[in-house]
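Numbering follows this note's numbering, in which position 34 of the sequence shown is assigned residue number 459; successive positions increment by one, without gaps. Ideal Cβ positions, reconstructed from N, Cα and C, are used throughout, including at glycine. Following: one structure in structure tokens, then a few remarks.
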Amino acid sequence: MRSPYLQLFYEYHKKANPVTVATTLTDTVVALRRKGVQLSEELMRAVLVLYGEGKISQYAIPEVLKLALTYPSASLEEKVKEKGLTILLNDELKKVVRQNEFNLGKIMSQYRLRVEAEDVKKLIERLKN
């Protein structure tokens with residue numbers, strides 16, 4: 426991986442899914458650069474901290490980056506909460522799974538930015554048994 430964010434990868438690859446960290450630091454950044462968006466290391470670090478702490482899902486990372494660029498002076502964590510991009514916690518997730526009749530596709534279509542697919546799959550299996 427040849428990236429100006431290589432140091433960030435080494436900092437966060439053990440704190441979060443290394444594939445997601447690498448994809449964020451390469452593919453997502455490149456896609457945004459093509460649109461004329463430049464991301465600072467500080468901004469990338471802030472987003473990776475939220476992801477590493479389990480406050481946002483991997484699917485929300487591009488949206489959180491856009492949010493940070495739209496509101497540069499605001500607290501990123503507060504904006505994430507305000508915009509409803511925080512990850513669903515245990516009780517909330519159980520409620521969503523039951524309301525959607527254990528249907529992974531339906532859950533992911535409605536809550537993709539707020540859940541990790543693997544967590545939903547595991548919870549569905551656990552609740553069905």
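Classify residue i as helix, strand or coil using the three-state DSSP reduction.
{"i": "Val474", "result": "helix"}
{"i": "Ser534", "result": "helix"}
{"i": "Leu514", "result": "coil"}
{"i": "Glu541", "result": "coil"}
Say whether chain C places a C-beta atom closer than 9 Å to the C-beta of residue i.
{"i": "Gly479", "result": "Considering every chain present, this structure includes no chain C. It has just one protein chain."}
To the nearest angstrom, how far is the alpha carbon of residue i from that of residue j?
{"i": "Ala493", "j": "Asp452", "result": "18 Å"}
{"i": "Leu552", "j": "Thr449", "result": "32 Å"}
{"i": "Glu543", "j": "Leu529", "result": "10 Å"}
Considering only the beta carbon of each residue, do residue i and residue j sit closer than 9 Å?
{"i": "Ile481", "j": "Val505", "result": "yes"}
{"i": "Val540", "j": "Leu513", "result": "yes"}
{"i": "Val454", "j": "Tyr430", "result": "yes"}
In chain order, what residues of the same chain have a beta carbon less than 8 Å from the beta carbon of residue i, not counting five sequence neighbours either side?
{"i": "Phe527", "result": "Ile549, Leu552 and Lys553"}
{"i": "Leu510", "result": "Ile481, Ala485, Glu488, Val489, Leu492, Leu538 and Arg539"}
Can you tell me where the alpha helix (DSSP H) holding residue i begins and where it ends?
{"i": "Ile481", "result": "First-last for Ile481: undefined, no H or E at that position."}
{"i": "Phe434", "result": "Leu431 to Tyr437"}
{"i": "Lys460", "result": "No alpha helix (DSSP H) contains Lys460, which DSSP labels as neither H nor E."}
{"i": "Lys506", "result": "Leu501 to Glu507"}
Suppose the cutoff is 6 Å on Cβ atoms and the five residues either side in sequence are ignored; what does the same chain contact list for residue i look like?
{"i": "Val501", "result": "Note that residue 501 is Leu in the sequence shown, not Val. Closer than 6 Å at the Cβ level, and outside the excluded window around Leu501, lie Ala471 and Ala493."}
{"i": "Tyr437", "result": "Val446, Leu473 and Gly477"}
{"i": "Gln483", "result": "Thr445"}
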